[in-house]
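Only one structure is covered here, and it is reproduced in the block below.
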Amino acid sequence: MSALHAATAVPEKLTWSGGSEPLKASYGKLMMWFFLLSDTFTFSALLVTYGMIRFSQQAYTGAHEKFFFSTTHWPIPDKVFEAVPFLHGVEAPLVFVGIMTFILIFSSVTMVLAVEAGHRGDRADVEKWMLWTIVGGFTFLGSQAWEWTHFIHGPADLALAAKDALGNPIEGANLTRNPYGPPAFADLFFFITGFHGTHVFSGVILNILIFFNTATGLYERRGHYEMVEKVGLYWHFVDLVWVFVFTFFYLV
1 MSALHAATAV PEKLTWSGGS EPLKASYGKL MMWFFLLSDT FTFSALLVTY GMIRFSQQAY
61 TGAHEKFFFS TTHWPIPDKV FEAVPFLHGV EAPLVFVGIM TFILIFSSVT MVLAVEAGHR
121 GDRADVEKWM LWTIVGGFTF LGSQAWEWTH FIHGPADLAL AAKDALGNPI EGANLTRNPY
181 GPPAFADLFF FITGFHGTHV FSGVILNILI FFNTATGLYE RRGHYEMVEK VGLYWHFVDL
241 VWVFVFTFFY LV
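Counting along the sequence shown from 1, when you hit position 182 you're at 182 in the UniProt record's numbering, and nothing is skipped either side.
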């Protein structure tokens, strides 16, 4: 080896041979991060679109307590989403969706505990916390189904129903009719919350598969519980996205 070549040679231990794990992440976790990044762009586009349409519409300028539904101005969310199951006629602005949000965030906590148990190799704890995560996911989906049903059919007791600008009862909304406000309000509600709900449902199915594999001892035989961590990344992403959906759609 020439003196020049010896001086410019890079120590072999500092070169990347292609088999190393960037940031100590396995191939599976790296691909999950790539997928979540692409999904972030999709949700960001939806929320930006919502923001542009929302602020291009006429806003209600009167007093909050005198608000009325009309297709001429954007509705105030806490006037639309104020119903709670089994409490007909009781006005509880955003209480039910707040409960939904708490349930989903709590399921993220149980997922963290499942991942931690996997790092310890504790099969029983992984099963327990994965089961609680699944229960939380199904509870959120059931709550969202009730909210959709109420939004579509309107208040069950029309004697207590809100009135629109013409004095007609608000009977509910769909993709072609939206007495709560401009048509885009219902369209965006169904599309954004439905798109997120589809992600939650997919996550619940994945969680069930992980629970089954854990219960049958598959990961114990493999000697690691990395799949729990990879699915956990997806579940945390779904929870985080809901925080933004909640902020944009229910609070803005």
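Here a beta-carbon is modelled for each residue, glycine too, at the ideal position from N, C-alpha and C. In this text, all values refer to a predicted model and were calculated from it rather than measured experimentally.
#### Entry: Identity of the residues DSSP links to A59 by a beta bridge
Numbered from its first residue, the sequence shown carries residue 59 at position 59. According to DSSP, A59 bridges with W74.
### Message
What would DSSP say about F211, mapped onto helix, strand or coil?
### Response
Here residue 211 refers to the residue found at position 211 of the sequence shown. The answer is helix: DSSP assigns F211 an H, G or I state.
### Query
For F43, which residues of its own chain have a beta-carbon under 6 Å away from its beta-carbon, when the five flanking residues on both sides are left out?
For the purposes of this step, residue 43 is taken as residue 43 along the sequence shown, with counting starting at 1. V241.
### Query
Got a sec, what are the start and stop residues for the alpha helix (DSSP H) T110 sits in?
Locating residue 110 in the sequence shown gives position 110, counting from the first residue. Note, T110: alpha helix (DSSP H), V95 to R120.
#### Entry: Residue closest to N207, alpha-carbon to alpha-carbon, out of L104, T139, I134 and Q144
To locate residue 207, count along the sequence shown from 1; it is residue 207. Among L104, T139, I134 and Q144, the Cα nearest to that of N207 belongs to I134.
### Task
Alpha carbon to alpha carbon, how far is F248 from F81? Give it in angstroms, no decimals.
In the sequence shown, residue 81 corresponds to position 81, counting from 1. In the sequence shown, residue 248 corresponds to position 248, counting from 1. Going by the C-alpha atoms only, they are around 14 Å apart.
### Task
Can you tell me which of the three DSSP states F69 falls into?
What you label residue 69 is simply residue 69 of the sequence shown in a count that begins at 1. In this structure, F69 counts as strand in the three-state DSSP scheme.
### Query
If you run the structure through DSSP and keep just helix, strand and coil, what is E82?
As a working note, residue 82 is residue 82 in the sequence shown. Here E82 sits in coil by DSSP.
### Query
From this set, F34, H196, D125 and F211, which residue's C-alpha is nearest L104's C-alpha?
For the purposes of this step, residue 104 is identified with residue 104 of the sequence shown, where counting begins at 1. If we check each option's Cα against that of L104, H196 comes out closest.
### Task
Round the Cβ separation of M130 and I210 to the nearest angstrom and send it over; I've been treating them as touching at under 8 Å.
What you label residue 130 is simply residue 130 of the sequence shown in a count that begins at 1. What you label residue 210 is simply residue 210 of the sequence shown in a count that begins at 1. So it is a contact: roughly 6 Å between Cβ atoms.
### Query
Quick one: Cα of S38 to Cα of K79, how far?
If you number the sequence shown from 1, residue 38 lands on position 38. If you number the sequence shown from 1, residue 79 lands on position 79. Computed Cα separation, rounded: 34 Å.
#### Entry: Cα-Cα separation between A124 and F140, rounded to whole angstroms
Counted from its first residue, the sequence shown places residue 124 at position 124. Counted from its first residue, the sequence shown places residue 140 at position 140. If I take the Cα positions, the gap works out to 25 Å.
### Query
Near V115, what residues of its chain come up, given a Cβ to Cβ distance below 7 Å and the 5 sequence neighbours on each side ignored?
Taking the sequence shown and counting its residues from 1, one reaches residue 115 at position 115. Non-local C-beta neighbours of V115 in its own chain, meaning closer than 7 Å and more than five positions away in sequence, comprise V228, E229 and G232, ordered along the chain.
### Query
CA-CA distance, P77 and S202?
By one-based count along the sequence shown, residue 77 stands at place 77. By one-based count along the sequence shown, residue 202 stands at place 202. Roughly 28 Å separates the two Cα atoms.
### Query
P75 and G181: beta carbons closer than 8 Å?
As a working mapping, residue 75 is identified with position 75 in the sequence shown. As a working mapping, residue 181 is identified with position 181 in the sequence shown. Yes, the Cβ-Cβ distance between P75 and G181 is below 8 Å.
#### Entry: Three-state secondary structure assigned by DSSP to L251
Your numbering for residue 251 matches position 251 in the sequence shown. Helix at L251.
### Message
Using a Cβ-Cβ distance cut-off of 8 Å, determine whether S202 contacts chain C.
### Response
Here there is only one protein chain, and chain C is not present.
#### Entry: Run of the alpha helix (DSSP H) containing I240, from where it starts to where it stops
Within the sequence shown, residue 240 is the residue found at index 240, counting from 1. Reading off the sequence, residue 240 comes out as Leu, not Ile. Looking at the DSSP string, the run of the alpha helix (DSSP H) that includes L240 is E226 to V245.
### Query
Between which two residues does the alpha helix (DSSP H) harbouring R221 extend?
Residue mapping note: residue 221 aligns to position 221 of the sequence shown, counting from 1. Unbroken alpha helix (DSSP H) run through R221: L218 to R222.
### Task
Determine the direct distance from the alpha carbon of V95 to that of F34, and round the result to whole angstroms.
Mapped onto the sequence shown, residue 34 falls at position 34. Mapped onto the sequence shown, residue 95 falls at position 95. Going from the Cα of F34 to the Cα of V95 covers about 35 Å.
### Query
Any idea what DSSP makes of G181, helix, strand or coil?
As a first step, residue 181 must be located in the sequence shown, where it is residue number 181. Note: G181 maps to coil in three-state DSSP.
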